Amino acid sequence: MQNESPAKHRILVVEDEAAIQQVLCFFLEHNGFATQAAYNGQEAINLIPQFRPHLIILDLVMRPVSGWDVLHWLHSHQTNPPIPVLVLSALVNLSEQLQGIEEGAIEYITKPTQPSIIVERVRTILSLTAEQRLMLQHKRLEERRKMLERLRANPSDRLT
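Residue 21 in the UniProt record's numbering sits at position 21 of the sequence shown, and the numbers go up by one each step.
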């Protein structure tokens with residue numbers, strides 16, 4: 001099973017906070033992945049065609065080009081199979097999470113979170129076929145839609 005080594009998998013880490021970016025790259029490289037870092041969406045868009053990542057870890061709130069812009073760019077420059085995107089964002093609102101998945105992310109993790117959890121999620125996503133990734137994305141959409149519906153129906157359930 002040496003051919004299944006994650007070392008061949010390239011991960012693009014798009015994060016404007018240097019400390020988070022460095023920790024993510026360190027953990028991913030320590031687990032056998034090749035990484036490339038970008039500090040904003042424009043840098044990511046410039047790197048994607050050359051680096052050809054197998055997966056993108058994407059922050060959403062960056063300037064001058066946001067992670068939302070990267071999701072839109074990926075949608076209009078679709079590869080086959082599509083590059084899976086794991087959003088890692090401080091945006092914790094369910095409607096923002098739903099929007100992130102609707103706009104192409106396969107997974108949405110809120111900050112802060114343990115790097116080991118991100119590494120495991122990356123491994124899981126990369127182990128799936130394109131069809132399985134699409135099914136996972138639909139499952140995540142349904143989960144968030146149901147949570148939003150439940151919260152709208154019962155506002156007292158909100159954790160504030």
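Built from N, CA and C at the ideal position, the CB exists for glycine as well. In this text the structure is predicted, and so the values were computed from the model without any measurement.
Local conformation of residue i per DSSP, three classes
{"i": "A34", "result": "strand"}
{"i": "S116", "result": "helix"}
{"i": "E88", "result": "What sits at residue 88 in the sequence shown is Leu, not Glu. Three-state DSSP puts L88 in a strand."}
{"i": "L60", "result": "coil"}
{"i": "L128", "result": "coil"}
{"i": "I83", "result": "coil"}
{"i": "T160", "result": "Unreliable positioning characterises T160 in this predicted model, as indicated by a pLDDT of 46, which lies under 50. A coordinate reading is not provided."}
{"i": "P6", "result": "Below a pLDDT of 50, predicted positions are generally treated as unreliable, and P6, at 48, falls in that range; no measurement from the model is reported."}
Among the options, nearest to residue i - alpha-carbon criterion
{"i": "P82", "options": "G104, G32, E120 and L94", "result": "G104"}
{"i": "N31", "options": "L134, Q42 and S116", "result": "S116"}
{"i": "P112", "options": "T129, Q21, I101 and R52", "result": "Q21"}
{"i": "I125", "options": "Q50, V87, A37 and D69", "result": "V87"}
{"i": "I118", "options": "I45, S89 and V65", "result": "S89"}
{"i": "L28", "options": "V122, W68 and D59", "result": "V122"}
{"i": "I106", "options": "A34, W73, L55 and F33", "result": "L55"}
{"i": "M62", "options": "A130, H75, I109 and A44", "result": "A44"}
{"i": "W68", "options": "L128, Y108 and P49", "result": "Y108"}
{"i": "N46", "options": "T129, V70 and L98", "result": "V70"}
Element boundaries [beta strand (DSSP E), containing residue i]
{"i": "E107", "result": "E107 to T110"}
Buried or exposed by the 16-neighbour rule on C-beta atoms within 10 Å, applied to residue i
{"i": "T79", "result": "exposed"}
{"i": "N154", "result": "exposed"}
{"i": "Q132", "result": "exposed"}
{"i": "V85", "result": "buried"}
{"i": "A18", "result": "exposed"}
{"i": "P53", "result": "buried"}
{"i": "V92", "result": "exposed"}
{"i": "F33", "result": "buried"}
{"i": "E96", "result": "buried"}
Enclosing alpha helix (DSSP H) for residue i [first to last residue]
{"i": "V70", "result": "G67 to S76"}
{"i": "I45", "result": "G41 to F51"}
{"i": "E17", "result": "No alpha helix (DSSP H) contains E17, which DSSP labels as neither H nor E."}
{"i": "E103", "result": "Per DSSP, E103 belongs to no alpha helix (DSSP H) and is neither H nor E."}
Own chain residues within Cβ distance below 8 Å of residue i, not counting five before or after
{"i": "L94", "result": "R144, M147, L148 and L151"}
{"i": "F51", "result": "R10, L12 and Q36"}
Cβ-based neighbour list, residue i, same chain, cut-off 6 Å, excluding 5 preceding and 5 following
{"i": "L141", "result": "I101"}
{"i": "Y39", "result": "D16"}
{"i": "W73", "result": "I45"}
{"i": "V65", "result": "N40, G41 and Q42"}
Same chain only: Cβ atoms within 7 Å of residue i, ignoring 5 sequence neighbours per side
{"i": "L24", "result": "V13, E15, I57, P115 and I118"}
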